[in-house]
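Undergrad: If you're matching positions, the sequence shown starts at 515 in the working numbering and goes up one per residue.
Encoded as structure tokens, here's the structure I'll be asking about.
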Amino acid sequence: MKRPHWPSRLPIDPYIALLIGTVVIAALLPARGTAAHVASGASTAAIAVLFFLYGARLSTREALDGLKHWRLHVTVLACTFLVFPLLGLAARGLVPAVLTLPLYQGLLFLTLVPSTIQSSIAFTSIARGNVPAAICAGSFSSLIGIVLTPLLAAVLLGNGGGGFSAHSLVTIVLQLLVPFVAGQVLRPWIGRFVAGHRKVLGLVDRGAILLVVYTAFSEGMVRGIWHQVSPARLGALLGVEAVLLAAMLALTWYGARALRFGRADRIAIQFAGSKKSLASGLPMASVLFGAQASLAVLPLMLFHQMQLMVCAVIAKRRSRDPEAQQEAAPVGAGLARN
Numbered sequence: 515m516k517r518p519h520w521p522s523r524l525p526i527d528p529y530i531a532l533l534i535g536t537v538v539i540a541a542l543l544p545a546r547g548t549a550a551h552v553a554s555g556a557s558t559a560a561i562a563v564l565f566f567l568y569g570a571r572l573s574t575r576e577a578l579d580g581l582k583h584w585r586l587h588v589t590v591l592a593c594t595f596l597v598f599p600l601l602g603l604a605a606r607g608l609v610p611a612v613l614t615l616p617l618y619q620g621l622l623f624l625t626l627v628p629s630t631i632q633s634s635i636a637f638t639s640i641a642r643g644n645v646p647a648a649i650c651a652g653s654f655s656s657l658i659g660i661v662l663t664p665l666l667a668a669v670l671l672g673n674g675g676g677g678f679s680a681h682s683l684v685t686i687v688l689q690l691l692v693p694f695v696a697g698q699v700l701r702p703w704i705g706r707f708v709a710g711h712r713k714v715l716g717l718v719d720r721g722a723i724l725l726v727v728y729t730a731f732s733e734g735m736v737r738g739i740w741h742q743v744s745p746a747r748l749g750a751l752l753g754v755e756a757v758l759l760a761a762m763l764a765l766t767w768y769g770a771r772a773l774r775f776g777r778a779d780r781i782a783i784q785f786a787g788s789k790k791s792l793a794s795g796l797p798m799a800s801v802l803f804g805a806q807a808s809l810a811v812l813p814l815m816l817f818h819q820m821q822l823m824v825c826a827v828i829a830k831r832r833s834r835d836p837e838a839q840q841e842a843a844p845v846g847a848g849l850a851r852n
């Protein structure tokens, strides 16, 4: 009798483990008093640094060069900023029977976040899809999401997002948009340095996000927000997110087929159009939700790991399709971060 063969490597993102560890530390040792003020100030600075680096890293020229494939990019943007939010709005009927209002608001916010860059490219490459299109689609989504995600949150979440006001708008501009634009403006001078020190700056990116998570979850613990969440509600949230991901994977694949895209383009559309960026979403949630950020980011953190695991399996299966050998796009040399 043959022994069952278990995969040697599960598609678990190590960074998710670090995020979970940060949440545990925040639960056991939350920042209080002076420490909380210091953590909050450091978190604010970290968000500005994050978006400055996003601006310095993102090649606007590459994104603009990809405009020739405009049908694909419009399709991805429609999936990210139209279809996803519509599904999020449809889930409002699950409150309060399945989801609490704060968890639903976090779920709705997740549907407003831009797509990823790095993982979309990686999975498109594995599946032998159109990698250059995935690079451009992710870049477009990140650029547009800097402005569109906060605006959609203002319209769809309203006061539920921590109270969207003129002060919130100023905070978004100062913490997100100004650093991002500064990074784009300085890119001709610092772009080579950023590219040459990608690993070190990647650690800065991830460390900054961990700090944002620690600050948000610490504040949630001090305020007693986590007492509002039961294991049953968490299980329900996972189930809702599984349905959401399955719906988007199906809509992007079969919708692209109905629009007569080729196999390589369909793969890029599926992986870029069904994903949400943890790197962009976490700092945005910290700015938009304030004291409620710990619950707001929970659906995004869970969805991020779920999409990685599911898409890893899909990408491997797509790579074995008979069509893959005939319609494989060249793999781009440089991968941008998520």
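Just so it is clear, CB atoms sit at the ideal spot from N, CA and C, and this is done for glycine as well.
(1) Quick one, which of V801, Q821, M735, P813 has its alpha-carbon nearest A562's?
(2) Give me the Cα-Cα distance between V552 and V537, rounded to the nearest whole angstrom.
(3) Let me know the secondary structure DSSP gives F731 once reduced to three states.
(4) Can you look up L748 in the DSSP assignment and give me helix, strand or coil?
(5) Roughly how many angstroms separate the alpha carbons of Q821 and V588, rounded to a whole number?
(6) In the DSSP assignment, find the alpha helix (DSSP H) that holds I704 and state where it starts and stops.
(7) F731 and S808: beta carbons closer than 8 Å?
(8) Which ranges would you report for the alpha helix (DSSP H) in the segment 766–823 if only whole runs of at least 4 residues count?
(9) Determine the closest residue to G652 out of A559, S794, G607, V714, with distance taken between C-alpha atoms.
(10) Tell me the rounded alpha-carbon separation between R747 and G620.
(11) Evaluate the contact criterion for the segment 760–767 versus the segment 605–615: three or more CB pairs, one atom per stretch, below 8 Å.
(12) In three-state DSSP terms, what is L617?
(13) Between which two residues does the alpha helix (DSSP H) holding D565 run?
TA: Once the coordinates are examined:
(1) Ranked by Cα distance from A562, the first of V801, Q821, M735, P813 is V801.
(2) 18 Å
(3) helix
(4) helix
(5) 22 Å
(6) 692–710
(7) yes
(8) 777–787, 792–803
(9) S794
(10) Roughly 13 Å separates the two Cα atoms.
(11) no
(12) helix
(13) First, the amino acid is wrong: residue 565 is Phe here, not Asp. Its alpha helix (DSSP H) spans residues 547–571.
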